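Final position of the sequence shown in this note's numbering is 219; the numbers increase by one with none missing. Just so it is clear, CB atoms sit at the ideal spot from N, CA and C, and this is done for glycine as well. These numbers come from a predicted model, not from an experiment. Reviewing the structure listed below.
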Amino acid sequence: MLVKDFMTPNVLTISEDKSMLEARELMKSSAFRRIPVVDDIKRVMGIITDGDVGRTSPSDASTLSRYEANYLLSRLKVRDVMTRDVITVRDNSAIEDVAYILYKHKINALPVVNEDNKLCGIITDSDIFRAFVTIMGIAKSCTRITVDVTDKVGVIADIGGMFRDQGINIISVVTKRNDADTTELTIRADLSQHGMDIIEQIREAGYDVTDISTVKGVE
């Protein structure tokens, strides 16, 4: 799955010559926490965040009047405050690569650029959560089967063949390495029309089924 499948394509932007007062009001009216700063041909020049707005706004303890505070913000330009070294991703990047970048840098959104390095979207941590829900098939009711597949080669083809032979639809398959010695395979499948015979078949093939759960789909 690619970034372009989950990003928001219509991005709210601001130019670097706008004032911080305009940036603050734009964030208030849109409820966005991060706004890309672009030039006249949509190249990403920086990014401005709600944290930047907070740091440049007078505190409640300030003796400045609202008029004076707004005047100061109107004099301060976005270019003076924005982060210039912006991490961006391509629209054809893998969604898991973006998840790692967000996690590694502890940020919640990334501007997305196309092959011409022009802004074409933005992807957030909420989009990553949505991708995870889609990949895992969480919206569908199913049976979740976890199998210990440590030191077994070709296990997905082997177990997948069992499901195929019984005409059972597999919703999702995920592998997880717990440590250097153990690996588990989690299969979400629709067993509503087939019963639990597949579980015994997996066991008879020499696999250790460590967990079986019925999962109700979510909206």
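Quick one, are the C-beta atoms of ALA139 and ILE122 less than 7 Å apart? No, the Cβ-Cβ distance between ALA139 and ILE122 is not below 7 Å.
Just to confirm the assignment: which complete alpha helix (DSSP H) runs, minimum length 4, are found wholly within the region 117-173? 125-136, 155-165
Would you kindly work out how many angstroms separate the C-alpha atoms of GLU25 and VAL53, rounded to a whole number? The alpha-carbon atoms of GLU25 and VAL53 are separated by roughly 10 Å.
Identify the continuous alpha helix (DSSP H) that holds ARG79 and give its terminal residues. Its alpha helix (DSSP H) spans residues 78-81.
Residue of ASP151, TYR103, ASP50 minimising C-alpha distance to VAL81: ASP50
Which one of THR146, VAL133, LYS118 has the shortest CA to CA distance from ASP208? Closest by C-alpha distance to ASP208, out of THR146, VAL133, LYS118, is THR146.
Is the number of C-beta pairs between the region 153-160 and the region 189-196 that are closer than 8 Å three or more? no
Which residues DSSP lists as bridging VAL215, in chain order: CYS142
Would you give the residue range spanned by the beta strand (DSSP E) that GLU184 belongs to? 183-189
Straight-line gap, ASP165 to GLU200 (C-alpha atoms, nearest Å): Near 14 Å, if we compare the C-alpha coordinates of GLU200 and ASP165.
Ignore the nearest five residues each way along the sequence and tell me which others in LEU76's own chain have a CB closer than 7 Å to its CB. Excluding positions up to five away in sequence, the list reads SER19, MET20, THR56.
4-residue-minimum alpha helix (DSSP H) runs that sit fully inside the region 5-46, ordered along the chain: Here the runs fully enclosed are 20-30.
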